[in-house]
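Residue numbers (the numbering used here): 48 to 336.
Cβ atoms here follow ideal geometry from the backbone N, Cα and C, with glycine treated the same way.
Owing to the predicted nature of the structure, the values given are computational and were not obtained by experimental measurement.
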Ligand SMILES: [Zn+2]
């Protein structure tokens with residue numbers, strides 16, 4: 048079994064969840080990694096298509112691999128929401144630890160088809176890349192917004208059913224699954240996010256037979272998230288809250304010193320603020336910290 052999957056399954060057994068945090072640059076990577084190390088928990092660094100194009104696909108691999116080797120630490124690299132087979136193939140070839148094929152906006156059959164193709168390629172390539180798939184649309188962007196994304200599956204009638212999850216895993220052989228269970232990508236500006244369907248999570252985990260991943264972790268209440276972990280979520284994604292913390296810290300740095308030009312000076316606080324968000328989340332995901 049791949050290392051990343053092993054750690055997620057271990058977390059499930061302990062009743063905790065592995066944190067997945069997105070980065071756009073090396074500063075965010077340090078903010079996340081420093082805190083994960085402090086708590087000695089495995090961590091997944093995520094890069095969306097846009098984020099990895101910005102950093103460089105191969106450079107992402109080199110960065111995370113260097114951390115893993117230098118610190119002998121369970122830190123992994125995930126290709127977050129990827130919308131085509133070609134781009135999944137690219138990260139498998141580059142050596143990512145996992146990749147998400149996001150066919151949530153396709154029909155069920157089309158989603159099965161593209162996911163199966165990614166799983167088959169990942170196995171052929173040697174199995175070093177674990178494949179996660181998405182069922183149920185929960186919005187796309189990690190931003191702040193005033194209203195819920197249109198078409199997002201947040202109500203009881205719209206969320207993923209256990210039967211869908213079972214069928215999907217059976218037909219694709221996918222390693223991990225992100226069902227729609229009430230969260231949305233991004234964060235409501237007014238500090239309100241939809242409620243998680245805890246019973247559904249329990250039933251979906253049982254039916255799916257593979258670890259479940261929760262997306263849209265930003266903005267959900269700590270109690271909701273704890274209950275979701277308890278019910279069978281093995282990994283949780285956080286992105287928007289990190290982005291907000293990063294930006295605010297840089298704004299503050301410029302307010303305090305309008306003349307500063309050295310990035311390592313004005314971004315120092317941003318690394319720490321990213322770490323602060325990660326710390327809060329890890330405490331919730333691990334319960335015992
Ligand atoms: Zn996501």
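Item to check | Exposure label - residue 119; buried when at least 16 CB within 10 Å | outcome: Here residue 119 refers to the residue found at position 72 when the chain shown is read from its first residue. Taking all protein chains in view, the Cβ of residue 119 is surrounded by fewer than 16 other Cβ atoms within 10 Å, so the residue is classified as exposed.
Item to check | CA-to-CA distance, residue 177 to residue 159, given in whole angstroms | outcome: Working through the chain shown from its first residue, we reach residue 159 at position 112. Working through the chain shown from its first residue, we reach residue 177 at position 130. Going by the C-alpha atoms only, they are around 16 angstroms apart.
Item to check | Under the three-state DSSP convention, the category residue 333 falls into | outcome: As a working note, residue 333 is residue 286 in the chain shown. Helix at residue 333.
Checklist entry - Exposed or buried, residue 48, counting other C-beta atoms within 10 Å across all chains shown (16 or more means buried)? => result By 1-based counting over the chain shown, the position of residue 48 is 1. Answer is exposed; the Cβ neighbour count stays below 16.
Checklist entry - Between the Cα of residue 212 and the Cα atoms of 182, 141, 233, 302, which residue gives the shortest distance? => result As a working mapping, residue 212 is identified with position 165 in the chain shown. Nearest Cα to residue 212 within the set 182, 141, 233, 302: 182.
Next on the checklist: What does the Cβ neighbour count give for residue 199, buried or exposed, with the cut at 16 atoms within 10 Å?
Outcome noted: On the chain shown, position 152 is the one that residue 199 refers to. It counts as buried.
Checklist entry - Just the Cα atoms here: how many angstroms apart are residue 244 and residue 228? => result Here the question's residue 244 lines up with position 197 in the chain shown. Here the question's residue 228 lines up with position 181 in the chain shown. Spanning the two alpha carbons is a distance of roughly 5 angstroms.
Next on the checklist: With a threshold of 8 angstroms, are at least 3 pairs of Cβ atoms found where one atom belongs to the stretch 109 to 117 and the other to the stretch 149 to 159?
Outcome noted: No contact exists between the stretch 109 to 117 and the stretch 149 to 159.
Item to check | Chain-order list of residues whose beta-carbon lies under 6 angstroms from that of residue 376 (same chain, five-residue window excluded) | outcome: Absent from the model: residue 376. The displayed extent of the chain is 48 to 336, so no value can be given.
Checklist entry - Using CA coordinates, which residue listed in 247, 131, 125 is at the minimum distance from residue 204? => result Residue 204 sits at position 157 when you count from the first residue of the chain shown. Closest by alpha carbon: 247.
Item to check | Helix, strand or coil at residue 76 according to DSSP, with G and I counted as helix | outcome: The residue labelled residue 76 in the question sits at position 29 within the chain shown. In the displayed model, residue 76 falls within a helix according to three-state DSSP.
Next on the checklist: Judging by CA-CA distance, which residue of 74, 77, 91, 80 is the nearest neighbour of residue 50?
Outcome noted: Here the question's residue 50 lines up with position 3 in the chain shown. Here the closest residue by C-alpha is 91.
Item to check | Which of helix, strand or coil DSSP assigns to residue 71 | outcome: Mapped onto the chain shown, residue 71 falls at position 24. In the three-state reduction of the DSSP assignment, residue 71 falls in the coil class.
Item to check | Sequence-distant residues of the same chain with beta carbon closer than 6 angstroms to residue 144, five excluded per side | outcome: Working through the chain shown from its first residue, we reach residue 144 at position 97. Here residue 144 has 51, 123, 124 as same chain residues with Cβ atoms under 6 angstroms from its own Cβ, once five neighbours each way along the sequence are excluded.
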